[in-house]
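Below is one structure, written out as structure tokens; comments come after it.
Residue numbers (the numbering used here), protein chains in the order written: chain A, 19 to 323; chain B, 6 to 264.
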């Protein structure tokens with residue numbers, strides 16, 4: 019493997035991905051409105067920037083002449099295979115986000131009791147019956163409207179992560195490969211987090227009302243992307259396809275949770291509960307990411323999807 | 006399987022179709038930006054019964070969207086038919102008999118291809134909706150209509166799967182000519198039923214129909230509609246899979262490959 023060539027290709031991809039996305043985010047929000055100020059229609063329109071990594075992937079392959087193989091070694095990983103128990107990763111993609119969010123919410127309610135509001139869903143004007151089927155609704159809408167998430171995963175897991183894993187020698191076995199995997203997922207997570215920086219600066223995900231805005235928010239986003247990125251990379255490497263990652267990302271964005279209707283952050287009285295109520299979800303995420311990193315063994319990326 | 010899907014992609018001139026679709030989406034974006042809801046021109050303004058000022062440009066674009074959805078539904082059918090015609094014309098099935106290829110895989114490739122087309126067109130429709138909504142004025146009636154356009158997307162695509170749950174086995178088991186005949190007879194019967202209603206039916210029902218009542222009804226039955234919108238993809242996918250199983254059962258027992 020020619021590392022210099024792979025690095026060059028990766029840099030071309032990053033130039034396209036950041037260039038297209040930043041241009042889109044800038045053009046669609048020239049008034050620099052915050053996420054809270056703009057309408058949900060405008061938020062969705064800006065979110066079309068999620069298609070930038072897919073576009074960047076295609077453009078990079080056109081420039082580098084790597085070809086457009088859909089599955090197999092050095093492919094775009096767009097193929098799907100359910101053989102050799104790979105269907106398990108599709109199921110994991112659907113239920114893991116729900117487990118992570120709900121478990122985090124259980125711990126939040128247990129340890130930050132002041133945030134528990136049994137009638138919060140009424141204030142949000144949500145029918146209780148809809149609240150209890152919300153995880154199923156979120157999962158199904160996530161799966162069927164996963165094109166935006168596919169737009170991101172096709173680039174990050176379909177192109178960037180395989181390149182990073184190769185560059186850091188993560189495909190082999192042993193301690194060196196494990197160290198390589200850790201470096202690859204950390205660098206990949208930071209890149210992904212920085213890619214979100216224009217959105218973080220408008221208050222996407224964390225709002226604008228926290229100490230250290232927007233730099234702390236960007237750092238948090240890098241951390242979040244690293245941890246989620248580990249799970250997404252695990253699921254991609256094991257299944258040989260970006261589709262489980264796309265589905266998982268889409269379901270995660272839908273926020274499948276019943277307990278979200280019972281946690282009211284407006285009731286926060288301490289500094290921790292006001293700004294870091296998500297700390298328990300973060301802990302659950304760290305545990306899940308650690309398990310995924312451990313399971314991301316020295317097995318090569320499957321040569322057949 | 007990948008090869009079979011690629012063959013179908015080539016048969017519908019997939020590359021040209023993809024570029025055309027991408028171009029049309031970009032064109033839609035350009036027109037929507039130029040003729041946005043903020044483009045105030047006295048000639049384009051109207052007043053609703055509720056006294057709200059509505060930009061007719063918004064209404065025009067909103068009217069286009071359900072038509073686009075209908076076109077996408079027809080395109081899935083059209084593309085599938087093209088693949089069947091291509092296979093019959095080029096004797097693909099006879100060629101496949103000479104290869105170590107399972108008949109099951111051939112059938113599966115058709116179902117998967119229709120599934121992929123449905124997903125792609127649904128995604129394109131969502132993109133058009135997002136573009137439209139971003140440049141639409143914030144009038145309640147328009148927002149409700151746009152939400153309705155969003156709500157009908159998944160059930161419409163489920164309808165596509167239900168339609169093809171019959172169309173695919175008929176095409177594969179009886180050939181494209183017979184399948185087109187059945188389709189024509191079916192739609193003629195639907196057409197006759199509609200004409201019969203207009204000639205002999207109680208047209209007062211149409212007088213009583215009111216769009217606002219539909220919105221109110223939808224608000225009142227939000228839970229039931231949510232359950233339907235959640236379950237419809239699951240149910241339609243289940244029937245689609247069942248149709249695949251039944252088709253495979255009969256196709257494997259079909260003698261030779263009819264052309």
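By construction, the Cβ of each residue, glycine as well, lies at the ideal position given by its N, Cα and C atoms.
query	result
Members of the segment 158 to 182 of chain A that neighbour chain B once the beta carbon cut-off is set at 9 Å	158, 159, 161, 162, 163, 164, 165, 166 and 168
Cβ-based neighbour list, residue 309 (chain A), same chain, cut-off 7 Å, excluding 5 preceding and 5 following	none
Cβ of residue 46 (chain B) within 9 Å of any chain E Cβ	Absent here is chain E; the protein component of the structure consists of chains A and B.
Below-9 Å beta-carbon distance, residue 138 (chain B) vs any chain A residue	yes
Residues near residue 251 (chain B) by beta carbon distance below 7 Å, same chain, minus five either side	174
According to DSSP, residues forming a beta bridge with residue 89 (chain A)	DSSP lists no partner for residue 89 (chain A).
9 Å Cβ cutoff, residue 253 (chain B) in contact with chain A	no
The alpha helix (DSSP H) enclosing residue 26 (chain B), as first and last residue numbers	19 to 39
Residue range of the unbroken alpha helix (DSSP H) whose run includes residue 271 (chain A)	261 to 272
Among A:287, A:66, A:110 and A:97, nearest to residue 163 (chain A) - alpha-carbon criterion	A:66
Residue 131 (chain B): contacting residues in chain A (beta-carbon distance under 8 Å)	163 and 165
Span of the beta strand (DSSP E) around residue 60 (chain B)	58 to 60
Burial state of residue 17 (chain B), where buried means 16 or more other Cβ atoms lie within 10 Å	buried
Limits of the beta strand (DSSP E) - the one that residue 2 (chain B) falls within	There is simply no residue 2 (chain B) to check, as chain B begins at 6 and stops at 264 in what is shown.
Reduced DSSP secondary structure (H/G/I, E/B, other) of residue 134 (chain A)	strand
Close beta carbons around residue 36 (chain A), own chain, < 7 Å, minus the five adjacent residues each side	213
Own chain partners of residue 263 (chain A) with C-beta closer than 6 Å, once the 5 adjacent residues on each side are dropped	171, 175, 250, 253 and 254
DSSP three-state assignment for residue 281 (chain A), whether helix, strand or coil	strand
Pick from A:307, A:281, A:304 and A:68 that is closest to residue 126 (chain A), judged by C-alpha positions	A:281
As assigned by DSSP and simplified to three states, the class of residue 241 (chain A)	helix
Residue 166 (chain A) vs residue 69 (chain A) beta-carbon contact at 9 Å	yes
The segment 148 to 157 of chain A touching the segment 227 to 234 of chain B, judged by at least three CB pairs closer than 8 Å	yes
Distance between residue 178 (chain A) and residue 25 (chain A) (C-alpha atoms, nearest Å)	10 Å
Cβ pair count under 8 Å reaching 3, the segment 101 to 114 of chain B against the segment 143 to 157 of chain B	no
Secondary structure, alpha helix (DSSP H): runs of 4+ residues fully inside the segment 44 to 114 of chain A	58 to 64 and 70 to 82
For residue 256 (chain B) and residue 178 (chain B), the rounded distance between their alpha carbons	6 Å
Per-residue DSSP class, three states only, for residue 207 (chain A)	helix
Candidates A:141, A:152, A:102 and A:284: closest to residue 120 (chain A) by CA position	A:152
Under 9 Å by beta carbon: chain A residues contacting residue 228 (chain B)	145, 147, 148 and 151
Closest Cα partner of residue 115 (chain B) within the set B:242, B:249, B:160 and B:254	B:249
Cutoff 9 Å: residue 63 (chain A) Cβ touching any chain B Cβ	yes
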